[in-house]
């Protein structure tokens, strides 16, 4: 009992001495506690052990004081500090599963709980851009002036507002505005160009000052430098070494207008290889695979598989489904002519439809009435070296029935009376009927032959009478 009392006295004496010497500072393991510390613990082999408890125990502490520290042993184990409103886990910058920041609101890459979208975020709280880097090289940039870039060196040297670039070197040096680039090197060297959209690796990659272009597909409009108002959709669409300044073209299809010439303007090419390698072309329309491939000229329209492929000329129309010098339809806009290459199939299925050539709407006087039931109507006339009219029946469509024994031949006095009353021959259409219904070449020729054969019968009859009269005189 005496030993305990003596040791306690010695310990208290040492503590009292420490307090007295350091004006309230306490030292454990040292006789010279630091003047800034209320408690200075010094040891070369032991540490400070703070209270250890479970998550449930920590959350059960009533009215924790600001700065209260405990060590949690389960769940997300570690030291926790109460900041006056909630417990915060104390992290180190070396922890593999955390991101250490300057303030106590740290974010864990394994997830966070108890966050608020109004107060918890990753970003800046002042008028400064948010920057991401890979190997100390810019790889992400968000600014309040509308500049948004993601990708290695994307937008690295860009200054223009309202631009968005995603991909390696996308929009790397733009000074223009309102551009969108999605893909490696998309709009990579664009400087003053505005309002361009490039989607695909190397789409519009050489564009410097061109504007209002739309390029969708790898290498689409790749070599464009200053051309504007183009639409290119498809791999290598509107791409070629000479295509530095195309203007107002629409090119849809893989390699449509690929390797076309720099003078290409106001063309429409729809289909793979449409207008591919075309030369000095403007205002052409090509719809279909390989249409106007390697063609030379302007103002041409081609529709169908390989229509007009390799054609040299201007202002022509081609409608075909193969590469041929005799397409189904071939027109010349300059001359106002059209050629239709049709091979009729005798006995084939009927075909509906009709064709009118001429300005029938402008006709006023005399008014021409186009009869129904006809396939081809031509104004002003037709010049041809040969015409052949087909007859459906030899019995009814031609006049040889006049020579039949049962044919009733009108007497001449009856014919005379009919002509006086009707002003035209019997069984022949009147002028009024012809104006109204038109002249049927087959029928009118048959009627003319009918009258010729009737005249022949009349002449034969008259010849018989003359012969008889001559006999009677003798």
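Residue numbers (the numbering used here): 6 to 479.
Idealized CB from N, CA, C, for every residue including glycine.
In this text the structure is predicted, and so the values were computed from the model without any measurement.
Worksheet item: Would DSSP call residue 455 helix, strand or coil?
Response: helix
Item to complete: Report the three-state DSSP secondary structure of residue 480 (helix, strand or coil).
Response: This structure cannot speak to residue 480, because the chain is shown only from 6 to 479.
Worksheet entry | Of the residues 234, 328, 233, the one placed nearest residue 279, counting alpha carbons only | 328
Worksheet item: Can you tell me where the beta strand (DSSP E) with residue 220 in it begins and where it stops?
Response: 219-221
Worksheet item: Could you give the residue range of the alpha helix (DSSP H) that holds residue 237?
Response: Segment 236-238 is the beta strand (DSSP E) holding residue 237; no alpha helix (DSSP H) there.
Practice prompt. Could you name the residues of the same chain whose beta carbon sits closer than 8 angstroms to that of residue 71, not counting the 5 residues immediately before and after it, in chain order?
Written response: 87, 88, 89
Worksheet item: Can you tell me the Cα-Cα spacing of residue 276 and residue 295, whole angstroms?
Response: 7 angstroms
Worksheet item: For residue 177, does the three-state DSSP call read helix, strand or coil?
Response: coil
Practice prompt. Could I get the ranges of all uninterrupted beta strand (DSSP E) runs contained in the region 303-330, with 3 residues as the minimum, in chain order?
Written response: 306-308, 321-324
Practice prompt. Determine the closest residue to residue 492 out of 58, 143, 142, 131, with distance taken between C-alpha atoms.
Written response: Not covered by the structure: residue 492. The range shown for the chain is 6 to 479.
Discussion item. Counting C-beta neighbours from all protein chains within 10 Å, is the total for residue 291 16 or more, i.e. buried, or is it exposed?
Written reply: buried
Discussion item. DSSP three-state label for residue 450, please.
Written reply: helix
Worksheet item: Given residue 145, which residues of its chain have a CB within under 6 angstroms of its CB, disregarding the five upstream and five downstream residues?
Response: 137, 155
Discussion item. On the criterion of 16 or more Cβ atoms from any shown chain inside 10 Å, does residue 473 qualify as buried, or is it exposed?
Written reply: exposed
Item to complete: Hey, could you find the ends of the beta strand (DSSP E) residue 94 is sitting in?
Response: 92-94
Worksheet item: Do you know offhand how far residue 69's Cα is from residue 183's?
Response: 54 angstroms
Worksheet entry | Boundaries (first-last residue) of the beta strand (DSSP E) holding residue 379 | No beta strand (DSSP E) holds residue 379; DSSP gives it neither H nor E.
Item to complete: Within 10 angstroms of the Cβ of residue 91, are there 16 or more other Cβ atoms? Answer buried if so, exposed if not.
Response: exposed
Worksheet item: Cβ atoms of residue 224 and residue 196: under 7 angstroms apart, would you say?
Response: no
Worksheet item: When the Cβ atoms of the region 258-271 are set against those of the region 229-240, are three or more pairs found closer than 8 angstroms?
Response: yes
Fill in: Limits of the alpha helix (DSSP H) - the one that residue 441 falls within
436-442
Worksheet item: So is residue 492 buried or exposed if we call it buried at 16+ other beta carbons inside 10 Å?
Response: For residue 492 there is no data in the structure shown, the boundaries of the chain being 6 and 479.
Discussion item. Taking 6 angstroms as the limit between beta carbons, can you name the residues of its chain near residue 462, skipping five residues before and five after?
Written reply: 414
Worksheet item: Among 161, 431, 455, 64, which has the Cα closest to the Cα of residue 401?
Response: 455
Worksheet item: How would you write the range of the beta strand (DSSP E) that residue 84 sits in, first residue to last?
Response: 83-87
Discussion item. According to DSSP, simplified to helix, strand and coil, what is residue 412?
Written reply: coil
Worksheet item: Residues in its own chain within less than 8 angstroms of residue 194 by CB, not counting five upstream and five downstream?
Response: 177, 178, 210, 211, 212, 213
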